[in-house]
């Protein structure tokens, strides 16, 4: 038997558990087998830069500008 009878104070003890009593004792089963979930990740404010680490400014590259398109040369019409 995986589920043990754990009656509430007003309930009588049962030898053959009803589906409701089995559902009631599932908390103990889950506590015994553990959870497949991973540990929660830290939330909130990030720790930031480690103390003593030298910060460097990022490399600035010149801006690339688009040129105005030149008008296409017309082809001579063939007869």
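In UniProt numbering, the protein residues as written are 1 to 79. Heads up, the beta-carbon is just placed ideally off N, CA and C, and yes, glycines get one too. Remember, predicted model here, so these are calculated numbers, not experimental data.
At least three beta-carbon pairs within less than 8 Å, the stretch 1-13 to the stretch 22-33
yes
Go to residue 28, then tell me how far its alpha helix (DSSP H) extends in each direction, as first and last residue.
Position 28 of the chain shown, counted from the start, is the residue given in the question as residue 28. Counting along the chain, the alpha helix (DSSP H) containing residue 28 begins and ends at 26-33.
Given the structure, does residue 64 come close to the ligand FAD, in the sense that its CB is under 6 Å from one of the ligand's heavy atoms?
The ligand FAD is absent from the structure shown, which contains no ligand whatsoever.
Nearest-angstrom Cα distance between residue 76 and residue 68?
Position 76 of the chain shown, counting from 1, holds the residue named residue 76. Position 68 of the chain shown, counting from 1, holds the residue named residue 68. Between residue 76 and residue 68, the C-alpha separation is close to 25 Å.
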